[in-house]
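Trainee: Just so you know, the sequences run in chain order A and B. Here UniProt numbering is used: position 93 in the first sequence is 93, and no number is missing along the way. Here UniProt numbering is used: position 81 in the second sequence is 81, and no number is missing along the way.
Number of protein chains: 2
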Amino acid sequence: MFSIGELSKRTKVKIPTIRYYEEMGLLAEAERTSGNQRRYDNDGLERLSFIRHARDLGFSIEAITSLIELQDHPDRSCEAATYIASSQLADVRAKIKRLKLLEKELTRISKGCDGRGVSEDCYVLAALADHELCDRDH
Amino acid sequence: MFSIGELSKRTKVKIPTIRYYEEMGLLAEAERTSGNQRRYDNDGLERLSFIRHARDLGFSIEAITSLIELQDHPDRSCEAATYIASSQLADVRAKIKRLKLLEKELTRISKGCDGRGVSEDCYVLAALADHELCDRDH
DNA sequence: CTTGAACCTCTAGTCACTAGAGATTGTAGA
DNA sequence: TCTACAATCTCTAGTGACTAGAGGTTCAAG
Ligand SMILES: [Zn+2]
Ligand SMILES: [Zn+2]
Ligand SMILES: [Zn+2]
Ligand SMILES: [Zn+2]
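#1: Of the residues Lys104(B), Ala94(B), Glu79(B) and Ala129(B), which one's Cα is nearest the Cα of Arg136(B)?
#2: For Ser86(A), which option in Gly112(B), Leu26(B), Ala126(B) and Tyr21(B) has the closest C-alpha, if you only look at C-alpha atoms?
#3: Taking Leu102(A) as part of the alpha helix (DSSP H), name the residues at either end of that continuous run.
#4: Which runs of the alpha helix (DSSP H) fall wholly inside the UniProt domain "HTH merR-type" (1-70) of chain A and span at least 4 residues, in chain order?
#5: Does any residue of chain B have a CB that is nearer than 9 Å to the CB of Val124(A)?
#6: List, in chain order, every chain B residue whose beta-carbon is nearer than 8 Å to that of Ser110(A).
#7: So is Ala90(A) buried or exposed if we call it buried at 16+ other beta carbons inside 10 Å?
#8: For ligand 4, list every residue whose C-beta falls under 5 Å from any of its heavy atoms, going in chain order.
#9: Assuming Leu125(A) is part of the alpha helix (DSSP H), what are its boundary residues?
#10: Please list the partners that Val13(A) has in chain B, where partner means a Cβ-to-Cβ separation under 7 Å.
#11: Return the Cβ separation of Leu125(B) and Leu70(A) in integer angstroms, given the expectation that the two are a contact with Cβ distance under 8 Å.
#12: Measuring straight from C-alpha to C-alpha, what distance separates Ser40(B) and His131(A)?
#13: Alpha carbon to alpha carbon, how far is Leu99(A) from Leu101(B)? Give it in angstroms, no decimals.
#14: Would a check of beta-carbon distances place Ala129(B) closer than 9 Å to chain A?
#15: At a cut-off of 8 Å, is Asp41(A) close to ligand 2 when judged by its beta-carbon and the heavy atoms of the ligand?
#16: Kindly indicate which residue of Met24(A), Arg76(A), Phe2(A) and Thr65(A) has the alpha-carbon position closest to the one of Glu120(B).
#17: When the distance is taken between beta carbons, is His138(B) closer than 9 Å to Asp43(A)?
#18: Indicate, with yes or no, if ligand 1 has a heavy atom lying under 8 Å from the CB of Ser87(B).
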């Protein structure tokens, strides 16, 4: 059994975040000492590592809640898990696509001015004022 | 002179968002009718279009505030504008980099299970539980 | 038994909006 | 001119996933 600080160190999740996860129902309510401090065992450590890893991969709290629910029922179909994972993948791909469009326009805009002129003649400001100057939609 | 609803239609910025921009100091306080409703002219339209375009390109409110400040002083050096634009570009590139790593891992994880098995044997859940199964850091 | 680091709860702040309540105003048709 | 009703007004609160701080209590080493 170890303290919240120890759990935080081992998982690299900050203490307030751990308490936040508990409040959100992602982590079961921890056992307490007689003085009301939280105590964790290996189960808690594994669960928080799972959450941390899923968060690092960009899953939402809501998605993780479903995944944990599934993990707690070993005999259920895992269809939902694969669905959640591929949705997340689709989401990430959509974000990449969007960001690549932005990268193109921003590269073009940045190249348009070396910063040695005056605001009035600045291509950066002109480009921001007028989307028509953009190569495509974004 | 036109109403906030008309401005909203022309710029595709929602009405509460326009009011929010005004409160944040991004838009000057609009003129009002005797009955206290906002009225805009072409200047307001151009300013909001600028904001909208910059937001679409991912600039923060804070960055846009600086850009507008610069625009209002045509004789100032535009160095700050190019700095803000290239920071934004760097930011976008960093995000793309990160998302590409996520995409790789998520693709691998998604492929690991077809969703026809049972939670206990699910590779998706196993992969989320253990970062060691990942190809690299992310 | 003392000390001080670690812990507790609670509130509020972050960013860029979005939603809703309840009241007032603008405008077009009768 | 009156009436209906769409549009607008202000204000408060909610979103997601935390983060920061105040003010008080507990744990553990010496
Ligand atoms: Zn310039
Ligand atoms: Zn554009
Ligand atoms: Zn599976
Ligand atoms: Zn991993």
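Ideal placement from N, C-alpha and C gives every residue a C-beta, glycine not left out.
Mentor: According to the structure shown:
#1: By 1-based counting over the second sequence, the position of residue 136(B) is 136. Cα-wise, what sits closest to Arg136(B) is Lys104(B).
#2: The count along the first sequence starts at 1 and reaches residue 86(A) at position 86. Nearest C-alpha to Ser86(A): Gly112(B).
#3: Numbered from 1 along the first sequence, position 102 holds the residue referred to as residue 102(A). Where Leu102(A) is concerned, the enclosing alpha helix (DSSP H) stretches over Glu79 to Lys111.
#4: 4-11, 15-23 and 42-56
#5: Within the first sequence, numbered from 1, the residue matching residue 124(A) stands at position 124. Cβ-Cβ to chain B under 9 Å: yes for Val124(A).
#6: Along the first sequence, read from residue 1 onward, the residue named residue 110(A) stands at position 110. Per Cβ cutoff of 8 Å: Thr82, Ala85, Ser86 and Leu89.
#7: Along the first sequence, one-based indexing puts residue 90(A) at 90. So Ala90(A) counts as exposed.
#8: His131(B) and Cys134(B)
#9: Position 125 of the first sequence, counting from 1, holds the residue named residue 125(A). Residues Tyr123 to Ala129.
#10: Taking the first residue of the first sequence as 1, we reach residue 13(A) at position 13. By Cβ distance, chain B contributes nothing, its closest Cβ being about 13 Å from Val13(A), past 7 Å.
#11: Here residue 125(B) refers to the residue found at position 125 when the second sequence is read from its first residue. Here residue 70(A) refers to the residue found at position 70 when the first sequence is read from its first residue. 7 Å between Cβ atoms; contact.
#12: Start at 1 with the first residue of the second sequence, and residue 40(B) comes out as number 40. Start at 1 with the first residue of the first sequence, and residue 131(A) comes out as number 131. The identity of residue 40(B) in the sequence shown is Tyr, whereas the question assumes Ser. Tyr40(B) and His131(A): Cα-Cα distance of roughly 21 Å.
#13: Counting from one through the second sequence, the residue named residue 101(B) turns up at place 101. Counting from one through the first sequence, the residue named residue 99(A) turns up at place 99. Going from the Cα of Leu101(B) to the Cα of Leu99(A) covers about 14 Å.
#14: Stepping through the second sequence from its first residue, residue 129(B) is reached at position 129. Interface residue, yes.
#15: By one-based count along the first sequence, residue 41(A) stands at place 41. Asp41(A) Cβ: outside cutoff for every heavy atom of ligand 2.
#16: On the second sequence, residue 120(B) is found 120 positions in, with the first residue counted as 1. Answer by Cα proximity: Arg76(A).
#17: Mapped onto the first sequence, residue 43(A) falls at position 43. Mapped onto the second sequence, residue 138(B) falls at position 138. Not in contact: Asp43(A) and His138(B) (Cβ atoms no closer than 9 Å).
#18: The residue you call residue 87(B) lines up with position 87 of the second sequence. No - ligand 1 has no heavy atom lying nearer than 8 Å to the Cβ of Ser87(B).
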